[in-house]
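Trainee: Before I ask anything, let me first share the structure, which is written out below as structure tokens.
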Amino acid sequence: MIIDGKKIAEQLRDKIKSDIKKMSDNNKPGLAVILIGEHPASQIYVRNKEKFANEVGINSSVLRFDENISEEDLKNEIKKLNDDPNVHGILVQLPLPKHISQKDIIQSIDPNKDVDGFHPINVGNLSSGNDAMVPCTPLGCYYLIKKVIPNLSGLNAVVIGRSNINGKPMAQLLLRENCTVTIVHSKTKNIEEICKCGDIIIAAVGKAKMVKSDWVKDTAVIIDVGINRIEINGKNKIVGDVDFDNIQDKVKGISPVPGGVGPMTIACLLENTLKAYKKISKRIK
Ligand code: GUN
3 MIIDGKKIAE QLRDKIKSDI KKMSDNNKPG LAVILIGEHP ASQIYVRNKE KFANEVGINS
63 SVLRFDENIS EEDLKNEIKK LNDDPNVHGI LVQLPLPKHI SQKDIIQSID PNKDVDGFHP
123 INVGNLSSGN DAMVPCTPLG CYYLIKKVIP NLSGLNAVVI GRSNINGKPM AQLLLRENCT
183 VTIVHSKTKN IEEICKCGDI IIAAVGKAKM VKSDWVKDTA VIIDVGINRI EINGKNKIVG
243 DVDFDNIQDK VKGISPVPGG VGPMTIACLL ENTLKAYKKI SKRIK
């Protein structure tokens, strides 16, 4: 079965849209996205985030800054957004230029407005099992898995990749659902053998078609986070980290690239913005 991320994301956006529709026009959720420089993939991601935010009724704005903006000036811009009562979600698109500390910028965002879930307070709350803002990509993967397997308790989950954006928060979400979680990464010696034990496999490494058909069991559910640009017969193509063509008929479920995790990431950003709005509004009342 192919897990249709496009459709599941649309259902989530519809739910968010109908929730926002009930709010008064002068009090809607607001999302501010900061984009620095000309990174080509970031331009596309940010354009999509803005488009879908506006479509569900979130007031979204993109603040564009020159590649040479100083860290201090960027922090001042974030402070203004932290203090702005009409902004409920703040997202600083990564990667940042080399002269700016990613760690310090993330820590300058109000944790209640941190819709990326990257602030250490949110990271800590997620790993402690408290309510937290959860990073959008692993949250989207989690929703896709739950559509196919509603009860994850006791299942073996293999997370390929250990990034702060995907692998680590993904492992926390699965642990919260009583999975037995193994994180494998570039230094792991027997990735293939470990994958063969996986009831659930999440691939987030950035290596085109790395996960092969004989690495996975027939009952596995596979979520592909990879976005790799490769050339096939002189044409540019986007493929995931999983050898989709040779696996799709074998397994219980697999998410395609494109049309799997990508649309879910954006829908979860909108959901996080709505969540931040509700939390902040409740605190003000
Ligand atoms: N760049 C690539 N993925 C992401 C993401 O999830 N959030 C942000 N802020 N930047 C990214």
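For the sequence shown, position 249 (counting from the first letter as 1) is numbered 251 according to my numbering, and the numbering increases by one without interruption.
The C-beta atom is built at its ideal place from N, Cα and C for all residues, glycine as well.
With a 10 Å radius around its C-beta and 16 neighbouring C-beta atoms as the bar for buried, classify asparagine 274 as buried or exposed.
Mentor: With 16 or more Cβ atoms within 10 Å of its Cβ, asparagine 274 is classed as buried.
Trainee: Buried or exposed: where does arginine 15 fall if 16 or more other Cβ atoms within 10 Å of its Cβ makes it buried?
Mentor: Classification of arginine 15: buried, given that the 10 Å Cβ count is 16 or more.
Trainee: Please indicate yes or no: does the CB of glutamine 95 lie closer than 8 Å to some heavy atom of the ligand GUN?
Mentor: Glutamine 95 Cβ: within cutoff of the ligand GUN.
Trainee: Is there contact here, the region 250 to 261 with the region 109 to 118, by at least three beta-carbon pairs under 8 Å?
Mentor: Result no; under three Cβ-Cβ pairs closer than 8 Å.
Trainee: What residue does the beta strand (DSSP E) around glycine 7 start on, and which one ends it?
Mentor: Glycine 7 -> not in any beta strand (DSSP E); alpha helix (DSSP H) instead, spanning 7 to 23.
Trainee: Using 8 Å for Cβ pairs, my map puts leucine 157 next to aspartate 201. What's the rounded Cβ distance?
Mentor: Confirmed, about 4 Å.
Trainee: Return the first residue and the last residue of the beta strand (DSSP E) that serine 44 is part of.
Mentor: First-last for serine 44: 42 to 58, but that is the alpha helix (DSSP H), not the beta strand (DSSP E).
Trainee: Let me know the secondary structure DSSP gives valine 85 once reduced to three states.
Mentor: What sits at residue 85 in the sequence shown is aspartate, not valine. Note: aspartate 85 maps to helix in three-state DSSP.
Trainee: Is cysteine 181 near the ligand GUN, judged by its Cβ being under 8 Å from some heavy atom?
Mentor: No; taking the cut-off as 8 Å, the Cβ of cysteine 181 has no heavy atom of the ligand GUN nearer than that.
Trainee: Looking at isoleucine 203: is its Cβ nearer than 9 Å to the Cβ of valine 223?
Mentor: Yes; because the gap between Cβ atoms is below 9 Å, this pair is in contact.
Trainee: In the DSSP assignment, what residue or residues form a beta bridge with serine 62?
Mentor: Paired residue(s): Leu33.
Trainee: Quick one: grab the DSSP three-state call for aspartate 226.
Mentor: It is a strand residue.
Trainee: Quick one: is the Cβ of threonine 267 within less than 8 Å of any heavy atom of the ligand GUN?
Mentor: Yes, the ligand GUN has a heavy atom inside 8 Å of this Cβ.
Trainee: Inspect the beta-carbon positions of arginine 231 and isoleucine 225 and report whether they are closer than 9 Å.
Mentor: In this structure, isoleucine 225 does not lie closer than 9 Å to arginine 231 by Cβ.
Trainee: For glutamate 233, which three-state DSSP category applies?
Mentor: In this structure, glutamate 233 counts as strand in the three-state DSSP scheme.
Trainee: Name, in chain order, the residues that DSSP records as bridge partners for valine 125.
Mentor: Its beta-bridge partners do not exist; DSSP assigns none.
Trainee: Return yes when the Cβ of valine 89 is within less than 9 Å of the Cβ of alanine 55, no when it is not.
Mentor: No, the pair does not count as a contact, with Cβ atoms beyond the cut-off.
Trainee: I want to check one thing, is the minimum distance from the CB of serine 137 to the heavy atoms of the ligand GUN below 8 Å?
Mentor: The amino acid at residue 137 is misidentified as serine; the sequence shows proline. For the ligand GUN, at least one heavy atom lies less than 8 Å from the Cβ of proline 137.
Trainee: Hey, alanine 80 and isoleucine 102: beta-carbon distance below 9 Å or not?
Mentor: The amino acid at residue 80 is misidentified as alanine; the sequence shows isoleucine. No, they are not a contact pair.
Trainee: Which ranges does the beta strand (DSSP E) cover as unbroken runs of at least 3 residues, wholly within the region 127 to 199, from first to last along the chain?
Mentor: List check, beta strand (DSSP E) in window: 158 to 162, 182 to 186.
Trainee: Could you pull out every residue in the same chain whose Cβ sits closer than 8 Å to the Cβ of valine 227, ignoring the five residues on either side in sequence?
Mentor: Within the same chain, valine 227 has close Cβ partners Thr139, Cys143, Gly163, Asn168, Ile204, Ala205, Ala206, Gly242, Asp243, Val263.
Trainee: Out of curiosity, what's the CA-to-CA distance linking valine 94 and glutamate 74?
Mentor: The straight-line gap from Cα to Cα measures roughly 15 Å.
Trainee: Roughly how many angstroms lie between the CA atoms of cysteine 197 and serine 26, to the nearest whole one?
Mentor: Between cysteine 197 and serine 26, the C-alpha separation is close to 49 Å.
Trainee: Relative to the C-alpha of aspartate 68, which candidate in Val58, Ser62, Ile36, Gly59 has its C-alpha closest?
Mentor: Aspartate 68 has its Cα closest to that of Ile36, out of Val58, Ser62, Ile36, Gly59.
Trainee: Can you tell which of Lys51, Ser129, Asn28 has its C-alpha closest to the C-alpha of arginine 178?
Mentor: The shortest Cα separation from arginine 178 among Lys51, Ser129, Asn28 belongs to Ser129.
Trainee: Taking the C-alpha atoms as reference points, what is the distance between valine 117 and valine 136?
Mentor: When rounded, the distance between both Cα atoms is 8 Å.
Trainee: Less than 9 Å between the C-beta atoms of isoleucine 185 and lysine 209, yes or no?
Mentor: In this structure, lysine 209 does not lie closer than 9 Å to isoleucine 185 by Cβ.
Trainee: So, helix, strand or coil for glycine 91, using DSSP?
Mentor: DSSP places glycine 91 in strand when its eight states are reduced to three.
Trainee: For the beta strand (DSSP E) that contains isoleucine 203, what are its first and last residues?
Mentor: Where isoleucine 203 is concerned, the enclosing beta strand (DSSP E) stretches over 202 to 205.
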